[in-house]
Amino acid sequence: MIRLEHLVKKFGPRTAVDDISFDVEKGTVLGFLGPNGAGKTTTIRMIAGYLQPTEGSITVNGVDVVNHPTAAQKHIGYMPENTPLYDDMTVWSFLTFIAEVRGYTGAARRQRVDEVIEACMLRPVRHQPIDTLSKGYRQRTCFAQALLHNPSILLLDEPTEGLDPNQKKVVRDMISDMAKDKIIMLSTHVLEEVEAICSRVMIISEGRIKADSTPRALRKRSSLYNTLTIEVLAPADKAVAAFQAIQDVKEVVRLSGDEQKQTLRLYPRDHQPLAVSAIDVAHRNKWMVTDLRSDQGRLDDVFRQVTTTDDVIRKSA
Amino acid sequence: MDMVQHSKAIAKREWGAYFNSPVAYIFIIIFLALTGFFTFSVSSFYEAGQADLRGFFLWHPWLYLILVPAVAMRLWSEERRSGTMELLFTLSVTPGQAMAGKMMAAWLFLTLALALTFPVPLTAAYLGSPDWGVIVCGYISSMLLAGAYLSVGMFTSALTRNQVISFVLAVVVGLFLILAGFQPVTALLSKWAPSWLVSGVAAFSFMPHFETMQRGILDIRDVVYFASVIGFMLFLTHLVLSNRSGR
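Protein chains in written order, with the working numbering: chain A, 84 to 400; chain B, 90 to 336.
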């Protein structure tokens, strides 16, 4: 289990992490989201025992990271941002080095290195120097390094950054496979990734936690959640008026259309589902419904809502 | 137990890093070629008609001045530049263990290069009957001197992610340590500095300690001097490494 209490990190006058507290339990895949410069990497580096917090405490499996970093690091596998690796070594000799540092010796070391090479599908490149590897293999080598001592906590800083869709899927599958008996914390700004593998999402911005829940619950905060997009064969003004008359409908927006066919988006008043009443209206007016979709909400929508403050707008302007 | 294993693993890795690249071979070839050139051509080893290695060891402080920083410059700069320092210090490795491993590998490498000069004493032995005690003492002092330069280079390497800056700084500090006891420098200093400062600065110099040992006198004070230079530089390196701010 990871516990952060009132964590603060200042770099000179700049506060990168501003009073963050949270717990993560075993079996959780925590997606750590946020715009660039939000403090994700800084927070992860502090948990990994690389940076000293300015204030606050961190414990992993009950071990104090700030005062006993090397003891805590035995519980942690860490994949830093941008996959730094010893480029002059081969994959095999690099992983052997990591195994040695992690306390494996003799036959157990050889066996463990072979296991992770197998698990991370590195066999074809195991005798290749790391600086000749493709991005995907490089990423997996760094991932293998984090897994080597079979830690109960994995910290992955942008594990799929720069990979093609197939490679992303491989890495995601590996993460999902291990999720049951570990804590996995990954930072990303790829929202589909969060949807695909995370059981918990945290959005941070300007060093503070802005949202913390499941991807599903978070989607519900989207303004599009449970909106109904309906395509009907009807005159525009009549259709808008008729759907607007439904009690649960807050607003009707005409997305597109011509004289015969309209595409309308119906916003519910209080997240109620609208499909039944909308079909009923169409039926009573004898309009043919050609398409009907209810929106599950979108994380990118929530992400923007939560992280777009005046400051961010000013910075990107 | 951790400590020994960590340092050993890191030392092995560093040793491999020297020999995986041309660095090791180029260094050894240049070191041997230069010692040969200075000993036989400049110091006129044959013509001197003396079966001792004075003319061989004489040049070591100057060769090390340039060559040791070249060996040391990548030790930490490279880790900083490529970001592997973050990897290293999240593997349960402490800065002290990493430092010990790197120091061990680099010093051993320099010792290997030094050991490969064995034909020089063999030549002396062939031509005459040298005092082996003096020769052994000379080799020990040269090794200690290399270690002292190395610790300086280790420190400057920890300061920056740029190997060139690390190299230049190490050469400048090394030059100071050679010249601090050099007569023109002390003369210049004594014009305005109080005499205690002049002798204080002069005491920092490698040269008097190196020269006593060259005469075959294994004085514990000289050994302590080199050990304390190394210790102090490693202490400073440790300070720099422990205060990393990350960005």
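C-beta atoms are modelled at their ideal positions from N, C-alpha and C, and glycine is treated no differently.
Thinking just about the alpha-carbon of each residue, which of B:Ala98, B:Trp285, B:Leu268 and B:Ser294 is nearest to the one in serine 181 of chain B?
Position 92 of the second sequence, counted from the start, is the residue given in the question as residue 181 of chain B. Measuring from the Cα of serine 181 of chain B, the nearest candidate turns out to be B:Ala98.
Quick check: the region 112-127 of chain B against the region 143-160 of chain B, are there 3 or more CB pairs under 8 Å?
Touching, yes, given that three or more Cβ pairs across the two stretches are closer than 8 Å.
Applying the criterion that 16 or more other CB atoms from any shown protein chain within 10 Å of the CB defines a buried residue, is leucine 311 of chain A buried or exposed?
Walking along the first sequence from the start, residue 311 of chain A turns up at place 228. Result: buried.
Go ahead and label tyrosine 187 of chain A buried or exposed: buried means 16 or more other beta carbons lie within 10 angstroms of its beta carbon, across all protein chains shown.
Residue numbering aside, residue 187 of chain A sits at position 104 when the first sequence is read from its first letter. Answer is buried; the Cβ neighbour count reaches 16.
Return the chain-ordered list of same chain residues with a C-beta closer than 6 Å to the C-beta of valine 318 of chain B, the five sequence neighbours on each side being excluded.
Taking the second sequence and counting its residues from 1, one reaches residue 318 of chain B at position 229. Ala237.
Compute the Euclidean distance between the alpha carbons of phenylalanine 299 of chain B and leucine 234 of chain B, then round it to the nearest angstrom.
Within the second sequence, the letter at position 210 stands for residue 299 of chain B. Within the second sequence, the letter at position 145 stands for residue 234 of chain B. Whole-angstrom Cα-Cα distance: 7 Å.
Among B:Val290, B:Glu175, B:Leu266 and B:Ser246, whose alpha-carbon lies nearest the alpha-carbon of alanine 276 of chain B?
The residue you call residue 276 of chain B lines up with position 187 of the second sequence. If we check each option's Cα against that of alanine 276 of chain B, B:Val290 comes out closest.
Between which two residues does the beta strand (DSSP E) harbouring glycine 217 of chain B extend?
For the purposes of this step, residue 217 of chain B is taken as the residue at position 128 of the second sequence. Glycine 217 of chain B -> no beta strand (DSSP E), and no H or E assigned at all.
For valine 182 of chain B, return the contacting residues in chain A, with the cut-off set at a CB-CB distance below 8 Å.
One-based indexing of the second sequence puts residue 182 of chain B at position 93. Residues of chain A passing the Cβ test: Thr153 and Val184.
Can we say the region 107-121 of chain A touches the region 282-299 of chain A, given the rule of at least three CB pairs closer than 8 Å?
Verdict: yes, contact present.
Who are the Cβ neighbours of tyrosine 169 of chain A in its own chain at under 7 Å, not counting the five residues just before and after it?
For the purposes of this step, residue 169 of chain A is taken as the residue at position 86 of the first sequence. Excluding positions up to five away in sequence, the list reads Phe177 and Ile213.
With DSSP as the reference, label proline 210 of chain B as helix, strand or coil.
As a position in the second sequence, residue 210 of chain B is number 121, starting the count at 1. Note: proline 210 of chain B maps to helix in three-state DSSP.
With 16 as the cutoff for other CB atoms within 10 Å, does valine 313 of chain B come out buried or exposed?
Counting from one through the second sequence, the residue named residue 313 of chain B turns up at place 224. Valine 313 of chain B comes out exposed.
Look up glycine 114 of chain A in the DSSP assignment and give the residues it is bridged to.
As a position in the first sequence, residue 114 of chain A is number 31, starting the count at 1. DSSP, once it has assigned bridges, lists A:Leu269 and A:Val284 as partnering glycine 114 of chain A.
Thinking just about the alpha-carbon of each residue, which of A:Val364, A:Val91, A:Ala229 and A:Pro356 is nearest to the one in arginine 376 of chain A?
The residue labelled residue 376 of chain A in the question sits at position 293 within the first sequence. The shortest C-alpha separation from arginine 376 of chain A is found at A:Pro356.
Check whether the Cβ atoms of threonine 266 of chain A and methionine 84 of chain A sit closer than 8 Å, and answer yes or no.
In the first sequence, residue 266 of chain A corresponds to position 183, counting from 1. In the first sequence, residue 84 of chain A corresponds to position 1, counting from 1. The residue asked about is misnamed: residue 266 of chain A is isoleucine in this sequence, not threonine. Yes; because the gap between Cβ atoms is below 8 Å, this pair is in contact.
Using only alpha-carbon positions, find the residue among B:Glu136, B:Phe265, B:Asn109 and B:Leu164 that is nearest to methionine 242 of chain B.
Counted from its first residue, the second sequence places residue 242 of chain B at position 153. Here the sequence assigns glycine to residue 242 of chain B, which means methionine is not the residue at that position. Out of B:Glu136, B:Phe265, B:Asn109 and B:Leu164, B:Leu164 has the C-alpha closest to the C-alpha of glycine 242 of chain B.
Buried or exposed: where does histidine 95 of chain B fall if 16 or more other Cβ atoms within 10 Å of its Cβ makes it buried?
In the second sequence, the residue the question calls residue 95 of chain B occupies position 6. By the 10 Å Cβ count, histidine 95 of chain B comes out buried.
Determine, using beta carbons only, whether alanine 202 of chain B and phenylalanine 116 of chain B come nearer to each other than 8 Å.
Counted from its first residue, the second sequence places residue 202 of chain B at position 113. Counted from its first residue, the second sequence places residue 116 of chain B at position 27. Yes, the pair counts as a contact, with Cβ atoms nearer than the cut-off.
Nearest to isoleucine 155 of chain B by CA position, among B:Val329, B:Thr206 and B:Val261, is which residue?
The count along the second sequence starts at 1 and reaches residue 155 of chain B at position 66. Of B:Val329, B:Thr206 and B:Val261, the residue nearest in Cα terms is B:Val261.
For chain B, check one thing: does any of its Cβ atoms lie closer than 8 Å to the Cβ of lysine 123 of chain A?
Here residue 123 of chain A corresponds to residue number 40 of the first sequence, with the count starting at 1. Cβ-Cβ to chain B under 8 Å: no for lysine 123 of chain A.
How would you label phenylalanine 293 of chain B, buried or exposed, when you count the other beta carbons within 10 angstroms and need 16 or more for buried?
Residue 293 of chain B sits at position 204 when you count from the first residue of the second sequence. Under this definition phenylalanine 293 of chain B is an exposed residue.
When you compare each of A:Ile329, A:Phe386, A:Lys251 and A:Leu116 to serine 360 of chain A by their alpha carbons, which one comes out closest?
Taking the first sequence and counting its residues from 1, the one referred to as residue 360 of chain A is at position 277. Measuring from the Cα of serine 360 of chain A, the nearest candidate turns out to be A:Ile329.
Which value, in whole angstroms, describes the spacing of the CA atoms of alanine 400 of chain A and leucine 177 of chain B?
Locating residue 400 of chain A in the first sequence gives position 317, where the first residue counts as 1. Locating residue 177 of chain B in the second sequence gives position 88, where the first residue counts as 1. Because alanine 400 of chain A sits at a pLDDT of 46, beneath the cut-off of 50, its placement in the model cannot be relied upon, and the following sentence gives the value as read from the coordinates. Rounded to whole angstroms, alanine 400 of chain A to leucine 177 of chain B spans 39 Å at the Cα level.
Please specify which runs of the beta strand (DSSP E), each continuous and at least 3 residues long, are wholly inside the region 339-375 of chain A, giving them in chain order.
Listed in chain order, they are 344-351.
According to DSSP, which residues form a beta bridge with arginine 86 of chain A?
As a working mapping, residue 86 of chain A is identified with position 3 in the first sequence. DSSP output for arginine 86 of chain A lists A:Asp106 and A:Thr142 as bridge partner(s).
With H, G and I counted as helix, E and B as strand and the rest as coil, what does DSSP make of threonine 124 of chain B?
As a first step, residue 124 of chain B must be located in the second sequence, where it is residue number 35. Note: threonine 124 of chain B maps to helix in three-state DSSP.
Using a beta-carbon distance cut-off of less than 8 Å, what residues from the region 178-206 of chain B approach chain A?
Listed in sequence order: Phe178, Thr179, Leu180, Ser181, Val182 and Thr183.
Grouping DSSP H, G and I as helix and E and B as strand, with all else coil, what is lysine 303 of chain A?
Numbered from its first residue, the first sequence carries residue 303 of chain A at position 220. Residue state, collapsed to three classes: coil.
Mind pulling the chain A residues with CB within less than 8 Å of threonine 173 of chain B?
The residue you call residue 173 of chain B lines up with position 84 of the second sequence. Simply Pro167, Leu168 and Tyr169.
Of the residues that make up the region 115-145 of chain A, which ones have a beta carbon closer than 8 Å to any beta carbon in chain B?
Those would be Thr125, Arg128, Ala131, Gly132, Tyr133 and Leu134, in chain order.
Go ahead and label asparagine 332 of chain B buried or exposed: buried means 16 or more other beta carbons lie within 10 angstroms of its beta carbon, across all protein chains shown.
As a working mapping, residue 332 of chain B is identified with position 243 in the second sequence. With fewer than 16 other Cβ atoms within 10 Å, it is exposed.
Going by the CB atoms, is the gap between valine 372 of chain A and leucine 349 of chain A shorter than 8 Å?
Taking the first residue of the first sequence as position 1, residue 349 of chain A is located at position 266. Taking the first residue of the first sequence as position 1, residue 372 of chain A is located at position 289. Going by C-beta atoms, leucine 349 of chain A is not nearer than 8 Å to valine 372 of chain A.
Going by other Cβ atoms of all chains shown within 10 Å of its Cβ, with 16 needed for buried, is proline 248 of chain A buried or exposed?
For this step, residue 248 of chain A is matched to residue 165 along the first sequence. By the neighbour-count rule (16 or more Cβ atoms within 10 Å), proline 248 of chain A is not buried but exposed.
Nearest CA to the CA of aspartate 260 of chain A: which residue from A:Leu230, A:Arg291 and A:Glu88?
As a working mapping, residue 260 of chain A is identified with position 177 in the first sequence. If we check each option's Cα against that of aspartate 260 of chain A, A:Leu230 comes out closest.
When the Cα atoms are used, what is the spatial distance from proline 118 of chain A to tryptophan 175 of chain A?
Counting from 1 along the first sequence, the entry for residue 118 of chain A is found at position 35. Counting from 1 along the first sequence, the entry for residue 175 of chain A is found at position 92. C-alpha separation (whole angstroms): 36 Å.
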